[in-house]
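Protein sequence lines, in the order shown, are assigned to chains A and B. Read in order, the letters of the first sequence are residues 691 to 1502 in my numbering. Read in order, the letters of the second sequence are residues 4 to 300 in my numbering. The C-beta atom is built at its ideal place from N, Cα and C for all residues, glycine as well. The structure appears below as structure tokens.
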Amino acid sequence: MSSPPATRQRRRRSQPSQASPADQTQTWARREDIRLTTGTGTFVGDVDLDGQLWARVVRSAVAHGVLVDIDVTSAAEMPGVVRVLTAKDLADVPQIPLRILSRPELNEFLQPVLASERVRYVGEPVAIVVAESARAAEDAAERVVVQVDELVPAMAVDEDHVDAVWPDATRDAMCVFTGRDGEPDAVFESADVVVAASFTTGRDTGLPLETRGLVAQWLGDELHLWGPTKFICFTRATVARWFDLPEDQVICHHVDVGGMFGSRGEVYPEDYLVPWASAVTGRPVKWIEDRNEHLVSINHSRGQTHRISIAARADGTLLGLRDEALVDMGAYARPIGGRVAELTVESLPGPYRWPALDVICTAVATNRTPVGTMRGPATFDTTFARERLLDILADELEMDPVELRRRNLIGADEIPYVQDFGAGTHPSVYDSGDYHLVLDRFLADLDYEALLEEVGQRRAEGESVGVGFAFFLDHSGLGREETVQLRLTADGRFVFYTTSSEIGQGLASMIITVAAEALGVSPDLIDVVANQSGEFDGGNGSFSSRGTIFVGSATQDAAFQLRSMLAKEGPQANPADADAWRALGPRTVIGRHTNDGPTYGFGAAAAVVSVEPETLDIVVERLGVAYDCGRVIDRPSAMGQLVGAAVQGLGGTLLQELTFDPDGQPQSTTFMDFQPPTVTEVPRVEATLLELGGTTSNPLGVKGIGEAGIMGVGGSISNALSAALSTTRAITRLPIRPDDVVPFAPPLPAAGNQLRSSFERRRPSEPASRDVTGAPGPSSRSWLVILAAGALGVALAARALRRKLAAKGHHG
Amino acid sequence: MKAPPISYAAAESVEEAVALLTEHGDDAKVLAGGQSLLPMLNLRLAQPGVLVDIGRIEELRHSGVTEEGGRLCGSLTTHRELEMGAVPSLGDVAVLRTAASHIGHLPIRTQGTIGGSIAHADSASEWCVLALALDAVIHVRGTGGARRMPAESFFHGFFSTALEPDEIITGIEFPVTGSSSANFEEYARRSGDFAIVASAVALDLREGRCESARIALGGVAGAPIRLPEVERLAEGHRFAGPDDEAVRELAHACAEAIDPPSDVHASSTYRKRLTEVLVSRAVAGCLRHDDSEGGRR
Ligand SMILES: Cc1cc2nc3c(=O)[nH]c(=O)nc-3n(C[C@H](O)[C@H](O)[C@H](O)COP(=O)(O)OP(=O)(O)OC[C@H]3O[C@@H](n4cnc5c(N)ncnc54)[C@H](O)[C@@H]3O)c2cc1C
Chain A
691 MSSPPATRQR
701 RRRSQPSQAS
711 PADQTQTWAR
721 REDIRLTTGT
731 GTFVGDVDLD
741 GQLWARVVRS
751 AVAHGVLVDI
761 DVTSAAEMPG
771 VVRVLTAKDL
781 ADVPQIPLRI
791 LSRPELNEFL
801 QPVLASERVR
811 YVGEPVAIVV
821 AESARAAEDA
831 AERVVVQVDE
841 LVPAMAVDED
851 HVDAVWPDAT
861 RDAMCVFTGR
871 DGEPDAVFES
881 ADVVVAASFT
891 TGRDTGLPLE
901 TRGLVAQWLG
911 DELHLWGPTK
921 FICFTRATVA
931 RWFDLPEDQV
941 ICHHVDVGGM
951 FGSRGEVYPE
961 DYLVPWASAV
971 TGRPVKWIED
981 RNEHLVSINH
991 SRGQTHRISI
1001 AARADGTLLG
1011 LRDEALVDMG
1021 AYARPIGGRV
1031 AELTVESLPG
1041 PYRWPALDVI
1051 CTAVATNRTP
1061 VGTMRGPATF
1071 DTTFARERLL
1081 DILADELEMD
1091 PVELRRRNLI
1101 GADEIPYVQD
1111 FGAGTHPSVY
1121 DSGDYHLVLD
1131 RFLADLDYEA
1141 LLEEVGQRRA
1151 EGESVGVGFA
1161 FFLDHSGLGR
1171 EETVQLRLTA
1181 DGRFVFYTTS
1191 SEIGQGLASM
1201 IITVAAEALG
1211 VSPDLIDVVA
1221 NQSGEFDGGN
1231 GSFSSRGTIF
1241 VGSATQDAAF
1251 QLRSMLAKEG
1261 PQANPADADA
1271 WRALGPRTVI
1281 GRHTNDGPTY
1291 GFGAAAAVVS
1301 VEPETLDIVV
1311 ERLGVAYDCG
1321 RVIDRPSAMG
1331 QLVGAAVQGL
1341 GGTLLQELTF
1351 DPDGQPQSTT
1361 FMDFQPPTVT
1371 EVPRVEATLL
1381 ELGGTTSNPL
1391 GVKGIGEAGI
1401 MGVGGSISNA
1411 LSAALSTTRA
1421 ITRLPIRPDD
1431 VVPFAPPLPA
1441 AGNQLRSSFE
1451 RRRPSEPASR
1461 DVTGAPGPSS
1471 RSWLVILAAG
1481 ALGVALAARA
1491 LRRKLAAKGH
1501 HG
Chain B
4 MKAPPISYAA
14 AESVEEAVAL
24 LTEHGDDAKV
34 LAGGQSLLPM
44 LNLRLAQPGV
54 LVDIGRIEEL
64 RHSGVTEEGG
74 RLCGSLTTHR
84 ELEMGAVPSL
94 GDVAVLRTAA
104 SHIGHLPIRT
114 QGTIGGSIAH
124 ADSASEWCVL
134 ALALDAVIHV
144 RGTGGARRMP
154 AESFFHGFFS
164 TALEPDEIIT
174 GIEFPVTGSS
184 SANFEEYARR
194 SGDFAIVASA
204 VALDLREGRC
214 ESARIALGGV
224 AGAPIRLPEV
234 ERLAEGHRFA
244 GPDDEAVREL
254 AHACAEAIDP
264 PSDVHASSTY
274 RKRLTEVLVS
284 RAVAGCLRHD
294 DSEGGRR
């Protein structure tokens, strides 16, 4: 796939010629960027303590089996090795707890920090080697011999498992969520038209640039940690419980964070293993994950199947939505619990009126890496399924797909709009916005009429090109409460402390902007210390696009408190006057924001896609995203979020997938096989960013923007590609590979046989030819899998095979 | 993802390198640009005991013309040097520049060497495919002295070659084969990735008549391959030009002659389709060059 490079200039016709949207006139450099982009940041990898040891996690090479024995003798004798620890060294093996408790039954499926009886996915920790250096630890880890009695890996979500991942659960179902509203049976029976289809999304992950890492040090009864992020307070509480400490004796120090995207910073086994190793050895212990480990052990996401149908009237009025969704949860319930499955139900209706709804989502255990959130969890998948089916419906009704959507889009006068889900799932309240207005602005920015005409013209000339849209609703701002601490220092500076994380999203810039306005002081006087618990440990964390909503609102609250203290000093106390603040004197206030429900923002994505008729190269010529974020606090950050998310979505739509073979062996363990888009594959993302007021969720009037950009990308590109192929039902799975296009592609021009006939005339009696050099011989699956991936892929598969054989051999 | 402990020896001459290889046998690995070997060591997919670094051997950087008039390029010539046309004896062979430009990314092309690519023998390697199509001769030296092996008998299959453990590649020779036109085509989904399918074609043309043809493919079998049976179909044909229907026929015959593997990146069916498309483009390209450049490559 590719964006239109210079050599494809011709295809760029549809790009708008005037290239001066607001984003290009803004400066991009935020205060925090300078440190991070000039190599002067302090990431966990930069933290080195005196006397520090290194840890290496030994991971299961087998997807499913009974653990027979772990022999650490040879590893323990390796030079530099201090300890090799397994579950046998623990009286009780702690488990990774749930953070979201909406389905307590998930407590049956928690992951032990080290496997002790069974292994359930390739990458599951089984031992930990502690050594004087990272290399010594890695060398020794190879010597740990893990004996596994293999079971049949459970890979399917829609078939019975020969060997259940969880024998006590019914058919490996971990939990179920439903959404029912209106009279679906009646509606589907009496509708003029019903369309149905099945859609699947492959596994993906957030892929932060910085892999996970942790440094742990015990000082007396205090445990000091460098590395936690996202939700420091939960990590700290969990670690405190594990080690039987009061929470404030676990101190999370600030480190810079190279990306989070939902996956990094959740509680993982290493959050126990590293402090434990430090306790056992009495020395600080450092662990830095490599990319190989990362791709098998950080939370995966996506991986959904939808059997979805829509009932409608002949005029295009939507009547009912039905879906049976299956979510591949992987081997264990991670801290996020059933949230992804719940969100699947909640996000299915999208921005439309549905008189009837009948949705069931089952979360199924498999022998794959456990699943958590990544940017746009579930909404990316459900938007793909619903919006694909809407295009199929439009085709059936011979309606323009945008017109069909517009007709059913919730109107501004209907807001706040309540979408009920029946018993067991909270209703959604779409609190504010004007969806039609956003759409109109988007179409105008895209120059939609001209675009349709141009694409129509190109199609008439025989080109395979199409336009596609996807609409979505982004809910943002969960987590109910946030507090920040504001200190006015003796020299008149303002320092904000938060446990939330600066993860590249621009949290610090946002805080500074909000605070400067509320305090009436220069931004230069404001500092932010994020991602720590040592100075201030209140608050919640960075997730669900809640930073500006919650941390921003709490910041404003703190600033207002200080401002009113200044006002009490009398009318002469001018906030712009530094002496006035110094006169007020040092003090500390806590800012707070609470809110129970998320706020909903409407958005749309659009794509123009063409297909090279011979190679079937998929060219995304244009990619646009529109979103109403309520109010823009820091434009470069907001644009960065929207555009960056769209690019990440492009990867999940066309390129990157975490694949597994039938034995549960991960196939995408390096960047040779897990292929995110690079700068040459990405078109310029056109963003329409609106600031429509009305949300009551927070005093700033903002909606989250971290995830909106990704949500409609899969739907819009797949709709555009299906249109380009003149087959509305063409694309049913993400990510889309050229192979998915083959059945719908024009055949190659027919080949004649003049050469052959003249050859036969010329040399009628020539004996059979010489050997074909290296002609394909009989091929075993294992090397077929890896052929095109090149050397690394080959060797990886060979290694997997070797480990497998070893595992089998040991078992005898 | 770091290599296990390993011994390192830097050879100053071919003789010294060969001596080191002989001494350590299977336990030794030649290190050239390191662009395939180092990742394999770091991923612990290869665990040799000794690295024999040949990077300092000046002789291996030399290029020139052999007694028979072949153009010889030293095995340490980097992809980037070839891409830039910086090798005096090879500068006018446009297809070398095209092929080189497809390899990986700039830092990889700056370090990686043509000898390393040929020794590594990845099925989708640009150099391996091109060496086959251009009837290149691989110059090697070992304990037993110097050998010259035609590319056609060099690649044995899945990452294996005719190279003995004590031998190193000293150079790659591209023979001059009369009035020949050559072209290279490949397809990958992202720029810089290994090709899903790569194709190199060389036609010896005399006034449009094909005297002989060489068609090589990468990514469709365990090793890069030639398709001699299909090649012979083209022999004697007088091509009317790049649009001659015979171009399609030839390409189609190539797709029919192979049985490529399926993997996570592409199916066998799609690889066959690409083969047809790429061979057809490569052949048409040869015929186009023949028009404009008087048939000389
Ligand atoms: C991200 C990435 C993308 C890449 N993309 C491509 C691509 O698209 N196409 C492609 O063809 N390659 C690609 N490569 C591989 C690259 O071209 C390597 O440079 C090449 O395969 C090996 O050359 P080298 O000099 O680096 O050899 P090394 O890595 O040093 O050695 C490779 C192997 O050859 C042996 N060897 C090296 N030189 C000699 C010699 N003179 N005599 C005997 N044995 C020798 C070594 O012992 C080793 O087994 C890519 C590599 C990377 C990391």
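Closer than 7 Å by beta-carbon distance: list the chain B residues that pair up with G892(A), in chain order.
Taking the first sequence and counting its residues from 1, one reaches residue 892(A) at position 202. One finds nothing in chain B with a Cβ atom closer than 7 Å to the Cβ of G892(A); even the nearest lies about 10 Å away.
Looking at I818(A) and ligand 1, is the gap between the Cβ and the nearest heavy atom below 8 Å?
In the first sequence, the residue the question calls residue 818(A) occupies position 128. No, ligand 1 has no heavy atom inside 8 Å of this Cβ.
Please determine, among M950(A), V957(A) and Q907(A), the residue with the shortest C-alpha to C-alpha distance to R931(A).
If you number the first sequence from 1, residue 931(A) lands on position 241. If we check each option's Cα against that of R931(A), V957(A) comes out closest.
To the nearest angstrom, how far is it from the Cα of T278(B) to the Cα of Q1444(A)?
Working through the second sequence from its first residue, we reach residue 278(B) at position 275. Working through the first sequence from its first residue, we reach residue 1444(A) at position 754. About 20 Å.
Quick one: does V267(B) have its CB under 9 Å from some CB of chain A?
Looking up residue 267(B) in the second sequence gives position 264. By this cut-off, V267(B) is an interface position.
Three or more C-beta pairs under 8 Å: does that hold for the stretch 1093-1111 of chain A against the stretch 1428-1440 of chain A?
Between the stretch 1093-1111 of chain A and the stretch 1428-1440 of chain A there are fewer than three C-beta pairs closer than 8 Å, too few to call the two in contact.
Contact set for F933(A): own chain, Cβ-Cβ below 7 Å, skip 5 residues either direction:
Indexing the first sequence from 1 puts residue 933(A) at position 243. Taken in chain order, the residues that qualify are L913 and P965.
Name, going along the chain, the residues of the stretch 1305-1338 of chain A whose beta-carbon falls closer than 8 Å to a beta-carbon of chain B.
Those would be T1305, L1306 and D1307, in chain order.
For a minimum of 4 consecutive residues, which ranges assigned as the alpha helix (DSSP H) are wholly contained in the stretch 1220-1276 of chain A?
Fully enclosed alpha helix (DSSP H) runs of 4 or longer: 1243-1258 and 1268-1274.
Look up G288(B) in the DSSP assignment and say whether it is helix, strand or coil.
Taking the second sequence and counting its residues from 1, one reaches residue 288(B) at position 285. DSSP places G288(B) within a helical segment (H, G or I) once states are collapsed to three.
Are the stretch 1179-1192 of chain A and the stretch 1212-1232 of chain A touching by the rule of at least three beta carbon pairs closer than 8 Å?
Touching, yes, given that three or more Cβ pairs across the two stretches are closer than 8 Å.
Whose C-beta lies closer than 6 Å to the C-beta of H65(B) among residues of the same chain, with five residues either side of it excluded?
Mapped onto the second sequence, residue 65(B) falls at position 62. Once the five neighbours on either side are set aside, the close Cβ partners of H65(B) are G77.
Chain A residues whose Cβ lies nearer than 9 Å to that of E279(B)
As a position in the second sequence, residue 279(B) is number 276, starting the count at 1. Chain-order list of chain A residues neighbouring E279(B): E1304, L1438 and A1441, by C-beta distance under 9 Å.
First and last residue of the beta strand (DSSP E) that includes P815(A)?
Residue mapping note: residue 815(A) aligns to position 125 of the first sequence, counting from 1. The continuous beta strand (DSSP E) containing P815(A) extends over residues P815 to A821.
Is F197(B) near ligand 1, with its Cβ less than 8 Å from a heavy atom?
Along the second sequence, read from residue 1 onward, the residue named residue 197(B) stands at position 194. Result yes, Cβ under 8 Å from ligand 1.
Whole angstroms are fine: how far does the CA of A1268(A) sit from the CA of G1275(A)?
In the first sequence, residue 1275(A) corresponds to position 585, counting from 1. In the first sequence, residue 1268(A) corresponds to position 578, counting from 1. Rounded to whole angstroms, the gap between the alpha carbons of G1275(A) and A1268(A) is 11 Å.
In angstroms, rounded to a whole number, what distance separates the CA positions of G1006(A) and E1086(A)?
Along the first sequence, read from residue 1 onward, the residue named residue 1006(A) stands at position 316. Along the first sequence, read from residue 1 onward, the residue named residue 1086(A) stands at position 396. Taking the straight line joining both Cα atoms gives about 10 Å.
Cα-Cα separation, F1161(A) to L796(A)
Position 471 of the first sequence holds residue 1161(A). Position 106 of the first sequence holds residue 796(A). The alpha-carbon atoms of F1161(A) and L796(A) are separated by roughly 32 Å.
When the Cα of T971(A) is compared with those of G1242(A), E873(A) and A906(A), which residue comes out closest?
Here residue 971(A) is taken as the residue at index 281 of the first sequence, counted from 1. It is A906(A) whose Cα lies nearest to the Cα of T971(A).
Could you tell me whether the stretch 46-60 of chain B touches the stretch 8-27 of chain B, using the rule of 3 or more Cβ pairs below 8 Å?
The count of Cβ pairs closer than 8 Å, one atom from the stretch 46-60 of chain B and one from the stretch 8-27 of chain B, reaches three, so the stretches are in contact.
Which residues, in order along the stretch 179-196 of chain B, keep a beta-carbon less than 9 Å from a beta-carbon of chain A?
Those residues of the stretch 179-196 of chain B that come within reach of chain A (Cβ to Cβ, closer than 9 Å) are Y190, R192, R193, S194, G195 and D196.
Going by C-alpha distance, which of R1272(A), K1258(A) and A1208(A) is nearest V1249(A)?
Position 559 of the first sequence holds residue 1249(A). According to the sequence shown, residue 1249(A) is Ala rather than Val. The option with the nearest alpha carbon to A1249(A) is A1208(A).
Please name the residues in the stretch 249-261 of chain B whose beta-carbon is closer than 8 Å to at least one beta-carbon of chain A, in chain order.
Taking 8 Å as the Cβ-Cβ cut-off against chain A, the residues of the stretch 249-261 of chain B that qualify are A249, R251, E252, L253, A254, H255, A256, A260 and I261.
Starting from D142(B), trace the beta strand (DSSP E) both ways and give me its first and last residue.
For the purposes of this step, residue 142(B) is taken as residue 139 along the second sequence, with counting starting at 1. Looking at the sequence itself, residue 142(B) is His, so the reference to Asp does not match. Per DSSP, H142(B) belongs to the beta strand (DSSP E) from V140 to G145.
Beta bridge counterpart(s) of M4(B) as assigned by DSSP:
Stepping through the second sequence from its first residue, residue 4(B) is reached at position 1. Partner(s): none; M4(B) has no beta bridge.
Helix, strand or coil: which one does DSSP assign to A1295(A)?
Locating residue 1295(A) in the first sequence gives position 605, where the first residue counts as 1. A1295(A) carries a strand assignment under DSSP once its states are collapsed to helix, strand and coil.
Distance, Cα to Cα, P178(B) vs S215(B)?
As a working mapping, residue 178(B) is identified with position 175 in the second sequence. As a working mapping, residue 215(B) is identified with position 212 in the second sequence. Spanning the two alpha carbons is a distance of roughly 15 Å.
Residue range of the unbroken alpha helix (DSSP H) whose run includes Y1125(A)
The residue you call residue 1125(A) lines up with position 435 of the first sequence. DSSP places Y1125(A) inside the alpha helix (DSSP H), whose first and last residues are Y1125 to L1136.
When we look at the beta-carbon of I1216(A) and count the other beta-carbons within 10 Å, is it buried (16 or more) or exposed?
As a first step, residue 1216(A) is located in the first sequence; it is residue number 526 there, counting from the start. So I1216(A) counts as buried.
Can you have a look at K5(B) and say buried or exposed, based on whether 16 or more other CB atoms are within 10 angstroms of its CB?
Position 2 of the second sequence, counting from 1, holds the residue named residue 5(B). By the 10 Å Cβ count, K5(B) comes out exposed.
Could you check where the beta strand (DSSP E) with C131(B) kicks off and where it finishes?
Taking the second sequence and counting its residues from 1, one reaches residue 131(B) at position 128. Counting along the chain, C131(B) falls outside any beta strand (DSSP E), though it belongs to the alpha helix (DSSP H) covering E129 to A136.
Using 8 Å as the threshold, is the stretch 1319-1328 of chain A in touch with the stretch 1370-1380 of chain A, meaning 3 or more CB pairs across them?
The stretch 1319-1328 of chain A and the stretch 1370-1380 of chain A touch, with no fewer than 3 CB-CB distances between them shorter than 8 Å.
Just list the residues that DSSP pairs W744(A) with in beta bridges.
In the first sequence, counting from the first residue as 1, residue 744(A) sits at position 54. Per DSSP, A821(A) and K976(A).
Is it the case that the Cβ atoms of A745(A) and A827(A) are separated by a distance below 9 Å?
On the first sequence, residue 745(A) is found 55 positions in, with the first residue counted as 1. On the first sequence, residue 827(A) is found 137 positions in, with the first residue counted as 1. Against a cut-off of 9 Å, the Cβ pair of A827(A) and A745(A) comes out as a contact.
Mind pulling the chain B residues with CB within less than 9 Å of R1423(A)?
On the first sequence, position 733 is the one that residue 1423(A) refers to. Taking the beta carbon of R1423(A) as reference, no residue of chain B falls within 9 Å; the closest one sits roughly 14 Å away.
Element boundaries [alpha helix (DSSP H), containing V964(A)]
Start at 1 with the first residue of the first sequence, and residue 964(A) comes out as number 274. First-last of the alpha helix (DSSP H) with V964(A): E960 to T971.
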